[in-house]
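Numbered according to numbering that gives the first Met the number 0, the sequence shown terminates at residue 143, and the numbering increases by one at each position without gaps.
Glycine included, each C-beta is placed from N, C-alpha and C at the ideal position.
Since the model is a prediction, treat every value here as computed from it, not as a measurement.
The block underneath contains the structure these notes are about, expressed in structure tokens.
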Amino acid sequence: MDAYNQLNEVLVHLFNHTLKIEEESLIKDEFKDISMNDMHIIEAVGDGEPKNMSSIARIVGVTVGTLTIAMNNLVKKGYVIRTRSEKDRRVVLISLADKGKKAFRRHEEFHLQMVQAMRQGLDDEQCRVLMQAMINLRTHFEAL
């Protein structure tokens, strides 16, 4: 098999299976009550400063209305906390509850292991080439 076909086969496999593998790795045990979409919302909220709904919706790529439905479920399940901004009481700020922080850390660890697996056996120059290839692919998808 030539290099083009090998690369195509690997990319197709990764695209088709990455979310499934991620879900099987993360959505179990104490986090089996949420979906992979919920986990990505938790990732967008992050473990830093509270964020408003508009900024989270932008990161996740959904409308604020769609995010509100998901956020209601995450609040009920104890993953996120809603508070009002001290500066502007109309603004709702979202932060992670302890359970959400645990989910965030598990997701972060999955991504760390994924990147380490990609870098395994590559020297710095090969990593730079891989990074450029990934940036090229991201740029291609953003242009679609």
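> In whole angstroms, what is the alpha-carbon distance linking residue 111 and residue 118?
Replying inline: Residue mapping note: residue 111 aligns to position 112 of the sequence shown, counting from 1. Residue mapping note: residue 118 aligns to position 119 of the sequence shown, counting from 1. Using only the alpha carbons, I get a separation of about 11 Å.
>> Looking at the strands, I want to know which residues DSSP matches up with residue 127.
In response: Taking the first residue of the sequence shown as position 1, residue 127 is located at position 128. Residue 127 pairs with nothing; no bridge assigned.
> Can the beta-carbon of residue 42 be found less than 8 Å from the beta-carbon of residue 109?
Replying inline: Position 43 of the sequence shown, counting from 1, holds the residue named residue 42. Position 110 of the sequence shown, counting from 1, holds the residue named residue 109. Not in contact: residue 42 and residue 109 (Cβ atoms no closer than 8 Å).
>> Can you give me the C-alpha to C-alpha distance between residue 77 and residue 98, rounded to a whole angstrom?
In response: Here residue 77 refers to the residue found at position 78 when the sequence shown is read from its first residue. Here residue 98 refers to the residue found at position 99 when the sequence shown is read from its first residue. C-alpha separation (whole angstroms): 6 Å.
> Ordered along the chain, which non-local residues of its own chain (more than five positions away) have a Cβ less than 8 Å from that of residue 24?
Replying inline: Against the sequence shown, residue 24 aligns to sequence position 25. So the qualifying residues of the chain are 109.
> Can you tell me the Cα-Cα spacing of residue 63 and residue 53, whole angstroms?
Replying inline: Stepping through the sequence shown from its first residue, residue 63 is reached at position 64. Stepping through the sequence shown from its first residue, residue 53 is reached at position 54. Residue 63 and residue 53 have their alpha carbons spaced roughly 6 Å apart.
> Which whole-angstrom value is the C-beta distance of residue 0 and residue 18, which I expect to be below 8 Å?
Replying inline: One-based indexing of the sequence shown puts residue 0 at position 1. One-based indexing of the sequence shown puts residue 18 at position 19. Not confirmed; about 26 Å, so no contact.
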